[in-house]
Ligand code: ADP
Ligand code: MG
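Residue numbers (the working numbering): 16 to 490.
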């Protein structure tokens, strides 16, 4: 490959990014590489089959068009998987869709050919000793945002697979901090995967795996337990970081290998990446890392808002009087921490409060009820111009007066206050502040700051005034 090829490739990537946006680009194209070109064909590669099939079915033309813009002689893009373990010859791959909740619901119904009902799902699941599934944790209620697009698409793909389909990435390993939707996503997968009654998806917490296994050993039917596990098509294990004990781990390792080698799908969630599961054997860790490892980031404000909207709407179905005004949802989304559980907690408190008091939900009530869930705000960045403007208004002088060399008392005090605020509310240095106040010397600024510091200790009216100014500036 020449450096010209590489330059061209960089420009193609820029084009692509500009067309699809940063988020989409980061999700699907960040790991795409140029392998070379031959005649009219440009050769690209990605690390997983999943990315390949996704890009092929959703972005093939886009990618080609971006290339053609740089090199009109190209008429074909060949996309391959770098160093992938290929288990079966690639049959036709079914594509999942990132869809809105409504579309998703329809899609699942269609996929199930109307055959599925909730009853048989849980019966099959329970018979295998699966952990209980929460009916609220489904794809319909899972809100997609920038932090979970890839994890969601991968889970969806697994859920929609059919018996005998090629397994595209194995295991699928999803990791994220507490309350960021791992369990929700895995249970959605289990519900949807079992909906077709064609495959068995077993959802187990690591604890359940441990206790199931230990119990089976005690009952001397470990074999039966293993056999039962091996009859399932998709094994989903949640909270793998809790897997403990040497014999359990050895069994986990066997089960994992047996399932993967048999072409069964394994899906795992944990609170850390495979490499950080210190208690696990190195070989298990590398096996875990060998499939698709996806991280879900923290819930951004937009995603928090969407989750809250869904939650509030769901709560209203059971409690018709429970109306949460949009500004309240916005307030919670803005202030409550990144953790999905706290969002749920915040809404539950509003619900409890409105039920118990019979009062409508207001912003004031929300502020009171969720106070302890509020994350400390990053202090707002205050600008020196704002300080000058607010101080000038407060003391009824002009901004020009503050910057001037006038030394009358009605200008000197406000100027000192403004300098003091500039020092305490911004990270600007004394010389910088001096420059911004009509080119004064830094010693002048220092003098002003000291002066006001001293006065605030003795003059409570001035102290109040300064508090007020600070609040105005930081709001
Ligand atoms: P984890 O298993 O990662 O600790 P959970 O799946 O239990 O987190 O999520 C915590 C809470 O946040 C649950 O109530 C869950 O429904 C909610 N939640 C998290 N992410 C989402 C999302 N993307 N859409 C809807 N709800 C979510
Ligand atoms: Mg969980």
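By construction, the Cβ of each residue, glycine as well, lies at the ideal position given by its N, Cα and C atoms.
For this session: Rounded to whole angstroms, what's the CA-CA distance from residue 83 to residue 278? Just pull it up for me.
Result: In the chain shown, residue 83 corresponds to position 68, counting from 1. In the chain shown, residue 278 corresponds to position 263, counting from 1. Residue 278 has its alpha-carbon roughly 39 Å from the corresponding atom of residue 83.
For this session: Give the C-beta separation of residue 283 and residue 188 to the nearest angstrom, bearing in mind that I take them to be a contact with Cβ-Cβ under 8 Å.
Result: Here the question's residue 283 lines up with position 268 in the chain shown. Here the question's residue 188 lines up with position 173 in the chain shown. A Cβ-Cβ separation of about 5 Å places residue 283 in contact with residue 188 under the 8 Å criterion.
Problem set entry | Through-space distance from residue 455 to residue 482, alpha-carbon basis | Numbered from 1 along the chain shown, position 467 holds the residue referred to as residue 482. Numbered from 1 along the chain shown, position 440 holds the residue referred to as residue 455. Distance between the alpha carbons of residue 482 and residue 455 is about 25 Å.
For this session: Assign residue 21 to buried or exposed, taking buried as 16 or more other Cβ atoms, counted over all protein chains shown, within 10 Å of its Cβ.
Result: In the chain shown, residue 21 corresponds to position 6, counting from 1. Residue 21 comes out exposed.
Exercise. Between residue 254 and residue 322, what straight-line distance do the alpha-carbon atoms span, to the nearest angstrom?
Worked result: Translated into positions along the chain shown, residue 254 becomes position 239. Translated into positions along the chain shown, residue 322 becomes position 307. Residue 254 and residue 322 have their C-alpha atoms spaced approximately 22 Å apart.
For this session: For residue 398, name the three-state secondary structure that DSSP assigns.
Result: On the chain shown, residue 398 is found 383 positions in, with the first residue counted as 1. Coil, per DSSP.
For this session: Compare the beta carbon distance of residue 314 and residue 353 with 9 Å and say whether it is the shorter of the two.
Result: To locate residue 314, count along the chain shown from 1; it is residue 299. To locate residue 353, count along the chain shown from 1; it is residue 338. A contact, by the Cβ cut-off of 9 Å.
Exercise. How do the stretch 290-310 and the stretch 261-276 stand: do at least 3 beta-carbon pairs fall below 8 Å, yes or no?
Worked result: Contact check between the stretch 290-310 and the stretch 261-276: three or more CB pairs, one atom from each, fall below 8 Å, which counts as touching.
For this session: Taking residue 361 and residue 320 to be in contact with their CB atoms under 8 Å, please state how far apart those CB atoms are, rounded to whole angstroms.
Result: Along the chain shown, one-based indexing puts residue 361 at 346. Along the chain shown, one-based indexing puts residue 320 at 305. Going by Cβ atoms, the distance from residue 361 to residue 320 rounds to 12 Å, so no, they are not a contact pair.
For this session: May I ask which residues mark the beginning and end of the alpha helix (DSSP H) holding residue 416?
Result: Residue 416 sits at position 401 when you count from the first residue of the chain shown. Run containing residue 416: 414-418, per the alpha helix (DSSP H) assignment.
Exercise. Buried or exposed: residue 133, going by 16 or more other Cβ atoms within 10 Å of its Cβ?
Worked result: By one-based count along the chain shown, residue 133 stands at place 118. Low per-residue confidence applies at residue 133: pLDDT is 41, beneath 50, and the placement is therefore not dependable, though the value from the model is reported in the following sentence. Burial call: exposed.
Problem set entry | Other residues of its chain near residue 178: CB distance less than 8 Å, five sequence neighbours each side excluded | Taking the first residue of the chain shown as 1, we reach residue 178 at position 163. Apart from the 5 residues on each side of it in sequence, residue 178 sits with its Cβ closer than 8 Å to the Cβ of 213, 214, 248 in its chain, given in chain order.
Problem set entry | Three-pair Cβ contact test at 8 Å for the stretch 220-234 versus the stretch 181-196 | No, the stretch 220-234 is not in contact with the stretch 181-196.
Problem set entry | Member of 441, 373, 230 whose CA lies at the smallest distance from the CA of residue 397 | For the purposes of this step, residue 397 is taken as the residue at position 382 of the chain shown. The shortest C-alpha separation from residue 397 is found at 441.
Exercise. Which runs of the alpha helix (DSSP H) spanning at least 4 residues fall entirely within the stretch 195-269, listed in chain order?
Worked result: List check, alpha helix (DSSP H) in window: 197-210, 221-233, 237-245.
Exercise. Any chance the CB of residue 88 is under 8 Å from a heavy atom of the ligand MG?
Worked result: In the chain shown, residue 88 corresponds to position 73, counting from 1. No, Cβ of residue 88 sits at least 8 Å from all heavy atoms of the ligand MG.
For this session: Out of 451, 357, 417, point me to the one whose CA is closest to residue 384's CA.
Result: If you number the chain shown from 1, residue 384 lands on position 369. Looking at 451, 357, 417, the one whose alpha-carbon comes closest to that of residue 384 is 357.
For this session: For the alpha helix (DSSP H) containing residue 489, list its first residue and its last residue.
Result: Sequence index remark: in the chain shown, residue 489 carries index 474 (1-based). It spans 475-489 - the alpha helix (DSSP H) in which residue 489 sits, taken as one unbroken run.
Exercise. Quick one: what does DSSP say residue 155 is sitting in, helix, strand or coil?
Worked result: Taking the chain shown and counting its residues from 1, one reaches residue 155 at position 140. Assignment of residue 155 by DSSP, reduced to helix, strand and coil, places it in the helix class.
Exercise. Can at least three beta-carbon pairs, one atom from the stretch 372-384 and one from the stretch 410-419, be found at a separation below 8 Å?
Worked result: Judged by Cβ distances under 8 Å, the stretch 372-384 makes no contact with the stretch 410-419, as fewer than three pairs qualify.
Problem set entry | Range covered by the beta strand (DSSP E) that runs through residue 48 | Walking along the chain shown from the start, residue 48 turns up at place 33. Note, residue 48: beta strand (DSSP E), 48-53.
Exercise. So is the beta-carbon of residue 152 under 8 Å away from any non-hydrogen atom of the ligand ADP?
Worked result: As a position in the chain shown, residue 152 is number 137, starting the count at 1. Yes, the beta carbon of residue 152 sits closer than 8 Å to at least one heavy atom of the ligand ADP.
For this session: Within 10 angstroms of the Cβ of residue 185, are there 16 or more other Cβ atoms? Answer buried if so, exposed if not.
Result: For the purposes of this step, residue 185 is identified with residue 170 of the chain shown, where counting begins at 1. Burial call: buried.
Problem set entry | Inter-residue spacing [alpha-carbon to alpha-carbon] between residue 33 and residue 54 | Sequence index remark: in the chain shown, residue 33 carries index 18 (1-based). Sequence index remark: in the chain shown, residue 54 carries index 39 (1-based). Computed Cα separation, rounded: 27 Å.
Exercise. In terms of residues, what are the limits of the alpha helix (DSSP H) holding residue 343?
Worked result: Position 328 of the chain shown, counting from 1, holds the residue named residue 343. Looking at the DSSP string, the run of the alpha helix (DSSP H) that includes residue 343 is 341-350.
For this session: Drop a sphere of 10 angstroms on the beta-carbon of residue 198, count the other beta-carbons inside from all chains shown, and report buried for 16 or more, exposed for fewer.
Result: To locate residue 198, count along the chain shown from 1; it is residue 183. When all chains shown are included, residue 198 counts as buried.
Exercise. By the 10 Å Cβ neighbour count, where 16 or more other Cβ atoms means buried, how is residue 336 classified, buried or exposed?
Worked result: Locating residue 336 in the chain shown gives position 321, where the first residue counts as 1. When all chains shown are included, residue 336 counts as exposed.
Exercise. Does the pairing of the stretch 235-242 with the stretch 162-171 give three or more beta-carbon distances under 8 Å?
Worked result: Contact fails: fewer than three Cβ-Cβ distances are below 8 Å.
For this session: Have a look at residue 147 and residue 250 and give me their C-alpha separation to the nearest angstrom.
Result: Your numbering for residue 147 matches position 132 in the chain shown. Your numbering for residue 250 matches position 235 in the chain shown. Distance between the alpha carbons of residue 147 and residue 250: 14 Å.
For this session: Could you name the residues that DSSP lists as bridge partners for residue 376?
Result: Counted from its first residue, the chain shown places residue 376 at position 361. None; residue 376 has no bridge partner.
Problem set entry | DSSP beta-bridge partners of residue 190 | Start at 1 with the first residue of the chain shown, and residue 190 comes out as number 175. Looking at the DSSP output, residue 190 bridges to 285, 310.
Exercise. Can we count residue 222 as close to the ligand ADP, meaning its CB is less than 8 Å from some heavy atom?
Worked result: The count along the chain shown starts at 1 and reaches residue 222 at position 207. Outside the cutoff, so no.
For this session: Could you tell me how far apart the beta carbons of residue 66 and residue 46 are, in whole angstroms, since I believe they sit closer than 8 Å?
Result: Along the chain shown, read from residue 1 onward, the residue named residue 66 stands at position 51. Along the chain shown, read from residue 1 onward, the residue named residue 46 stands at position 31. Confirmed, about 7 Å.
For this session: Provide the residue span of the beta strand (DSSP E) that contains residue 56, from first to last.
Result: For the purposes of this step, residue 56 is taken as residue 41 along the chain shown, with counting starting at 1. Its beta strand (DSSP E) spans residues 56-61.
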